[in-house]
Each structure stands twice: as structure tokens, then as C-alpha cells.
Amino acid sequence: MKNFEALDIKYMKDALSEAKKSLLSEDVPIGAVIVCEDKIISRAYNQVEKKNDSTAHAEIIAIKRAVKKNGYKHLLNCTIYTTLEPCAMCAGAIVLARIKRVVFASFEPKCGASLSLFNITNDKRLNHRCQVTSGVLELESSTLLKSFFKEIRAKRSQNNG
Numbered sequence: 000m001k002n003f004e005a006l007d008i009k010y011m012k013d014a015l016s017e018a019k020k021s022l023l024s025e026d027v028p029i030g031a032v033i034v035c036e037d038k039i040i041s042r043a044y045n046q047v048e049k050k051n052d053s054t055a056h057a058e059i060i061a062i063k064r065a066v067k068k069n070g071y072k073h074l075l076n077c078t079i080y081t082t083l084e085p086c087a088m089c090a091g092a093i094v095l096a097r098i099k100r101v102v103f104a105s106f107e108p109k110c111g112a113s114l115s116l117f118n119i120t121n122d123k124r125l126n127h128r129c130q131v132t133s134g135v136l137e138l139e140s141s142t143l144l145k146s147f148f149k150e151i152r153a154k155r156s157q158n159n160g
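Everything in the sequence shown is counted per numbering that gives the first Met the number 0, starting at 0 for the first residue and increasing by one.
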């Protein structure tokens with residue numbers, strides 16, 4: 000088991016709390032918080048189903064809220080905590096927002112764009128790169144995701160049976 004910084008664990012717990020809010024609208028339980036100077040400046044959860052918007056990922060919503068609060072398009076010296084490795088869209092937005100650090104819980108082997116499938120957040124061809132920390136509270140996040148998908152499959156099976 001890796002030793003993670005206490006603050007990373009603290010803020011990932013906040014992101015997991017956000018992720019659980021997604022369950023109310025049957026959205027994939029992913030949460031994100033953005034921290035600047037040891038203070039949460041925005042928080043969000045997946046709202047793709049709720050808003051019928053394929054871009055309503057937790058990270059995108061959190062970035063928009065943080066930018067609005069800061070009044071500036073770049074989130075310099077900020078860290079984003081997200082319960083699942085960012086996809087290409089979210090990783091691109093993180094780079095464009097100039098977020099300094101990305102901390103995620105679970106890896107996403109099918110579409111992860113910070114380590115697994117792509118490495119957008121640390122691509123030397125881009126004009127900004129992020130520090131990436133992975134696996135913080137990975138078990139908690141992956142358990143939440145697995146139970147969500149197990150429940151979805153069970154509902155589909157009942158409806159088809």
C-alpha cells in the first residue's frame with residue numbers, strides 16, 4: 000500500500016462524497032473537488048444523466064465553477080481531486096485550465112487520459128503539464144463504481160426478464 004499525503008486523503012474523501020450525489024440521478028458516481036491554497040474552491044459530481052448532457056462530467060463542472068469563483072480562466076496552483084482517472088475531454092480541460100496537479104482514485108483502463116490509455120495531462124507536446132498522483136482511496140472509489148454498475152446490470156436484467 001502506498002503512503003499518501005494526509006491532505007490528499009482528506010480531499011479525496013470530499014470527492015467521494017460528491018460522487019455519491021450522482022447516485023440520486025443514476026449517474027456514474029464520480030466526484031471532483033478543486034483545491035487552491037488548502038481550501039476547496041469548487042466541488043461537483045457527474046450529472047450526465049441528470050442534465051442529459053454528455054459533457055456534464057464532474058471535472059468539467061468543477062472547473063467551470065472554480066473559474067467563475069476565481070474570475071480567471073486559469074486555475075494556477077490548484078489541485079483537482081477526482082474519483083476516477085479523467086477521460087480525454089476532462090484531461091484536456093484540466094490542461095487548458097492550467098491546473099497544477101491532478102489526484103485521482105481509480106484507474107480507467109478503457110478511456111483514462113492521465114496514465115492508463117493516454118497521458119494528456121503530462122504530454123510534452125502540449126504547453127502545460129500537470130503533476131499526477133494516482134490511486135488515492137482507490138479501493139473506496141472502485142467499490143462505489145463496481146456496486147453502481149452491478150445494480151444497473153441487475154435492473155436491466157429484471158426489465159428484460
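The C-beta atom is built at its ideal place from N, Cα and C for all residues, glycine as well. Predicted, not measured: the structure shown is a model, and the values here were computed from it.
Per DSSP, cross-strand counterpart(s) of residue i
i	result
F103	T81, S133
Residue span of the alpha helix (DSSP H) that contains residue i, given as start and end
i	result
A208	Any answer about residue 208 is impossible in this case: the structure gives the chain only from 0 up to 160.
C35	Segment 30-35 is the beta strand (DSSP E) holding C35; no alpha helix (DSSP H) there.
V19	Rather than Val, the amino acid found at residue 19 in this sequence is Lys. Taken as a continuous stretch (DSSP letters only), the alpha helix (DSSP H) holding K19 covers 5-21.
A55	A55 -> no alpha helix (DSSP H), and no H or E assigned at all.
C89	87-95
Of the listed residues the options, nearest to residue i (C-alpha basis)
i	options	result
V131	S105, R155, F147	S105
I93	K109, L74, G111	L74
A96	T120, T82, T81	T120
L15	A90, K99, A57, N118	A57
L83	N76, K19, S41, K38	K19
N2	K12, L136, K145	L136
G70	K49, I40, M88	I40
I59	E107, K50, N45	N45
D13	E48, R128, K49, A61	A61
V27	K50, A112, K68	K50
A87	T54, N159, T78	T54
With 16 other Cβ atoms within 10 Å as the buried cut-off, status of residue i
i	result
F148	exposed
E17	buried
A90	buried
T142	exposed
Cβ shell of residue i (< 8 Å), same chain only, five flanking positions each side left out
i	result
E4	none
M0	Because M0 sits at a pLDDT of 48, beneath the cut-off of 50, its placement in the model cannot be relied upon, and the following sentence gives the value as read from the coordinates. Hits under 8 Å: none found.
Proximal residues to residue i (C-beta, below 7 Å), its chain only, five neighbours per side dropped
i	result
S115	E84, F106, E107, P108
6 Å Cβ shell around residue i - same chain, five flanking residues per side excluded
i	result
S21	P28, Y44, N45
K123	none
Cutoff 7 Å: residue i Cβ touching any chain C Cβ
i	result
Y71	Here there is only one protein chain, and chain C is not present.
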